[in-house]
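Scroll down for the structure; my scribbles are underneath it.
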Amino acid sequence: MRGVSLIVRSSDGASRLPAALAHLKAQAQTIVPWEVLLVDNASTDDTAKVALSCWGEGPVPLRVVPEPGRGRQSATERGLKEARYEFVGFVDDDNWVAPDWVQVAYRALASDSFLGAVGSVCDPVFETPEPKWFSEFHSSYGVLTDSDLIHHKDPWEYLHGAGLCIRKQAWTRLVQGGFRSLVTDRVGRRSPGSGDTELTLAIRLAGWKIRVEQCLRLKHFIPAERLCWEYLRRQQRGCAASQALLDAYSAHNLSMRYRLKPRLGQLWWCQAGRCLLKLMHRPRAVAVALSSRGEDQQDVIEVDRLFGRILGMVRLRGRYSGSRRHVRYAPWRLRRPEEYVRQSREAHV
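Numbers in the numbering used here are just positions in the sequence shown, counted from 1, shifted up by 238.
Below, the structure is given as structure tokens:
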């Protein structure tokens, strides 16, 4: 059914929801059918009550959907299952959408039947003054600016989750083809996982187009506790740990041609060994990372990323190769390696 289902993912978000819902209520009048679903992600506060109270007589219905499983991935999947309309948008309880967000998202996806997902331009709003290091690491906070778009070259490999809008048909076909997420997404307020990234990687791998729509805009409120150096370091370690799973979507793993050297380089022991070697070549940065805050030092962040990746690799030992095969030979892929080999042989007959 044509329209937009807007999913608000919230876990213990009673204090953040009023601002987010106020921006949703301020949507410009449109003939596009839309709805709001609040996925209450195992909250222990009054998230649901606050949402219903703030929404009141809103422009469209708001449904509260309880999701007992913690983590943003659980909230995403529940929202997709409950959505009534063809296009499904996702925002978090700290996202403030522009007044024309629903209309622009609908227009973008309706204009191209091969477009599986669109992302939003996301500008930061700071609770406290912006740290001097923020601009260098802003993408780690899900921030995507107009300047980023100017310097980006198509195609997009993946999209951020805040302000993401996908075609439900794209997700349905993935699930019917046996897609299952490899990533255990973030729980509560801990370092973010990469579930949204993986979803858009999979949508693109299945043959759909993805892109950022410059007119699709929102703001991301960043509280003071996330604007400290310690939080950034924890976040970088968490992201790097998740990235180990997303290696399954790398170009080397998805290549239709078999080359021995690249294949050997993708083995678990080789990937883990590379991280250890990189750490060995940064003894000073490792010492600083272990003994102090190392504020404003890029080398310390690089060390944290290596620590995080090693931790992710250790957790994946015994499953790393399996996860790569799961994606490489996935039936939902646009083309799988055995199909390439079969077609090549048939061409020579």
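Cβ coordinates follow ideal geometry from the N, Cα and C atoms, glycine included. No experiment lies behind these values; they were computed from the predicted model shown.
- By the Cβ-count criterion, residue 507 is exposed, with fewer than 16 other Cβ atoms from all chains shown falling within 10 Å of its own Cβ.
- Residue 432 places its beta carbon 9 angstroms or farther from that of residue 360.
- Residue burial is scored here from C-beta neighbours: residue 490 has fewer than 16 other C-beta atoms within 10 angstroms and is therefore classed as exposed.
- Look at residue 391 here: in three-state DSSP terms it is coil, with no helix or strand label.
- Rounded to whole angstroms, the gap between the alpha carbons of residue 256 and residue 274 is 14 angstroms.
- In this structure residue 239 is exposed. Its beta-carbon is surrounded by fewer than 16 other beta-carbon atoms within 10 angstroms.
- For residue 455, DSSP records a beta bridge to 359.
- In the three-state reduction of the DSSP assignment, residue 364 falls in the strand class, which pools E and B.
- In this structure, residue 462 sits away from residue 404, with a CB-CB distance that is not shorter than 9 angstroms.
- Apart from the 5 residues on each side of it in sequence, residue 572 sits with its Cβ closer than 8 angstroms to the Cβ of 443, 444, 445 in its chain, given in chain order.
- For the set 369, 370, 436, 457, the Cα lying nearest the Cα of residue 337 is the one of 457.
- In the structure shown, the three-state DSSP call for residue 539 is helix.
- Between residue 412 and residue 561, the alpha-carbon positions lie close to 16 angstroms from each other.
- The alpha carbon of residue 252 has as its nearest neighbour, out of 241, 280, 268, the alpha carbon of 280.
- Put simply, the backbone Cα of residue 267 is about 16 angstroms away from that of residue 454.
- Going by DSSP, residue 476 is part of no beta strand (DSSP E) but of the alpha helix (DSSP H) stretching over 467-484.
- Here the C-alpha atom of residue 292 lies approximately 54 angstroms from the C-alpha atom of residue 515.
- Uninterrupted beta strand (DSSP E) stretches at least 3 residues long and entirely within the segment 263-334 occur at 272-279, 300-305, 325-330, given in chain order.
- For residue 354, the secondary structure class from DSSP, reduced to helix, strand or coil, is strand.
- DSSP places residue 512 outside any beta strand (DSSP E); the residue lies instead in the alpha helix (DSSP H), whose first and last residues are 506-518.
- Taking the Cβ atoms as the reference, residue 447 lies roughly 11 angstroms from residue 347, outside the contact range of under 8 angstroms.
- Fewer than three beta-carbon pairs drawn from the segment 295-303 and the segment 393-408 are found closer than 8 angstroms, and the two stretches are therefore not classed as touching.
- For residue 373, the uninterrupted alpha helix (DSSP H) run begins and ends at 372-375, by DSSP.
- Classified as exposed, residue 416 has fewer than 16 neighbouring CB atoms from the shown chains inside 10 Å of its CB.
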